[in-house]
Amino acid sequence: MAGIESLQDQRSVPVSELSHFLLDMDGTVYLGPNPIEGAARFIAYLRSSGRRYLFFTNNPTRDADAYARKLADMGIPAEPGDILTSGEATVRYLLSETPYRRVYAVAPPSFGEELRRAGIETVETGAEAVVLAFDTTLTYAKLERACLLLSDGLPYIATNPDRVCPTEYGAIPDCGAMAALIESATGRTPTFIGKPNAAMARMGMEKIGAVPGSAAMVGDRLYTDMEMAHRAGIASVLVLSGESTQADVDAAERKPDHVFPSVRELMEALRRSDRA
Ligand SMILES: [Mg+2]
Numbered sequence: 432m433a434g435i436e437s438l439q440d441q442r443s444v445p446v447s448e449l450s451h452f453l454l455d456m457d458g459t460v461y462l463g464p465n466p467i468e469g470a471a472r473f474i475a476y477l478r479s480s481g482r483r484y485l486f487f488t489n490n491p492t493r494d495a496d497a498y499a500r501k502l503a504d505m506g507i508p509a510e511p512g513d514i515l516t517s518g519e520a521t522v523r524y525l526l527s528e529t530p531y532r533r534v535y536a537v538a539p540p541s542f543g544e545e546l547r548r549a550g551i552e553t554v555e556t557g558a559e560a561v562v563l564a565f566d567t568t569l570t571y572a573k574l575e576r577a578c579l580l581l582s583d584g585l586p587y588i589a590t591n592p593d594r595v596c597p598t599e600y601g602a603i604p605d606c607g608a609m610a611a612l613i614e615s616a617t618g619r620t621p622t623f624i625g626k627p628n629a630a631m632a633r634m635g636m637e638k639i640g641a642v643p644g645s646a647a648m649v650g651d652r653l654y655t656d657m658e659m660a661h662r663a664g665i666a667s668v669l670v671l672s673g674e675s676t677q678a679d680v681d682a683a684e685r686k687p688d689h690v691f692p693s694v695r696e697l698m699e700a701l702r703r704s705d706r707a
């Protein structure tokens with residue numbers, strides 16, 4: 432078959448041995464409001480072949496319920512439990528790795544609610560840490576308060592390091608850009624929980640019972656999706672249906688284990704390996 436098949440080398444895990452998949456969403460199964468061709472069939476094939484998967488997103492502005500509905504509207508059946516957002520990962524991190532239960536949150540209302548549902552209070556005074564999310568309701572008053580608390584030395588945690596978020600109308604400022612503004616004012620940088628932090632991969636793998644030898648991260652970004660796979664010691668599968676191009680792969684110092692035009696060709700490779 433012509434075209435880009437796979438850049439698999441001797442050391443990487445062959446596609447046939449992959450049974451657990453962490454799946455990026457934007458650029459991998461959909462592009463903004465539109466599903467990527469073949470994505471629904473790819474997911475259906477994973478299910479019917481007994482493979483397990485979890486959808487991953489660095490975007491914390493919507494919770495798992497909202498993403499499950501979005502996927503379902505595209506013909507991809509998903510339950511909230513099939514999705515891990517950087518928001519949920521941040522909540523889990525706060526609960527399992529820190530004693531902070533009262534935080535000053537620079538966050539959209541939905542993430543504030545997610546924190547409170549998990550028993551983490553969002554407070555104006557008496558905060559034990561500052562939590563920064565991709566805040567589409569950011570105001571100067573919130574920035575001012577966060578900067579003052581950070582200058583006082585409060586611990587600082589952020590949902591995701593992305594500088595911009597791609598939308599159908601262009602790239603808009605994301606959590607990483609907000610963190611850059613705060614760093615410029617205070618000199619402080621947060622612990623980012625989302626991709627490429629290996630902690631997020633480990634949470635996802637735990638959710639679906641994955642082990643490194645059989646798990647892969649499938650995504651469209653080299654510096655988040657593929658970087659996280661590398662840090663977590665799992666297989667990296669790049670799809671060229673979103674941000675990265677073949678030229679980016681050629682220029683990259685560390686190549687992904689596998690490269691496919693989209694998840695449709697990944698599905699075909701899995702199907703061929705299952706027939707062999
Ligand atoms: Mg993506």
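Number 686 in the working numbering belongs to position 255 of the sequence shown; there are no gaps in the numbering.
C-beta: ideal position from N, C-alpha, C; glycine also.
- Considering only the beta carbon of each residue, do Val668 and Asp688 sit closer than 8 Å? Going by C-beta atoms, Val668 is nearer than 8 Å to Asp688.
- Message: Looking only at its chain, what residues have a beta carbon closer than 6 Å to the beta carbon of Val562, apart from the 5 residues adjacent to it on each side?
- Response: Around Val562, the same chain offers Val534, Ala536 and Ile588 as residues with beta carbons nearer than 6 Å, after the five sequence neighbours per side are excluded.
- Comparing the CB of Asp457 with every heavy atom of ligand 1, is any distance shorter than 7 Å? At least one heavy atom of ligand 1 is nearer than 7 Å to the Cβ of Asp457, so yes.
- DSSP-derived helix/strand/coil call for Gly543: Reduced to three states, the DSSP call for Gly543 is helix.
- Query: For Gly635, which three-state DSSP category applies?
  - Reply: Helix at Gly635.
- Query: Any idea what DSSP makes of Asp496, helix, strand or coil?
  - Reply: Note: Asp496 maps to helix in three-state DSSP.
- Within the present structure, is the beta-carbon of Asp605 separated from the nearest heavy atom of ligand 1 by less than 7 Å? No, the beta carbon of Asp605 sits no closer than 7 Å to any heavy atom of ligand 1.
- Task: Return helix, strand or coil for Tyr565, following the three-state DSSP convention.
- Result: Per the sequence presented here, residue 565 reads as Phe, with Tyr not at that position. Residue state, collapsed to three classes: coil.
- Message: Checking 8 Å against the spacing of the C-beta atoms, do Gly664 and Pro643 come in under that value?
- Response: By the CB criterion at 8 Å, Gly664 and Pro643 fall inside the cutoff.
- Endpoints, the beta strand (DSSP E) within which Ala602 is located: Per DSSP, the continuous beta strand (DSSP E) segment holding Ala602 begins and ends at Gly601 to Pro604.
- Item | alpha helix (DSSP H) runs wholly inside the segment 444 to 499, at least 4 long, in chain order | With a minimum length of 4 residues, the continuous alpha helix (DSSP H) runs that stay inside the segment 444 to 499 are 470 to 479.
- Message: Let's see if you can read the secondary structure: which residues bound the beta strand (DSSP E) around Val649?
- Response: Note, Val649: beta strand (DSSP E), Ala646 to Gly650.
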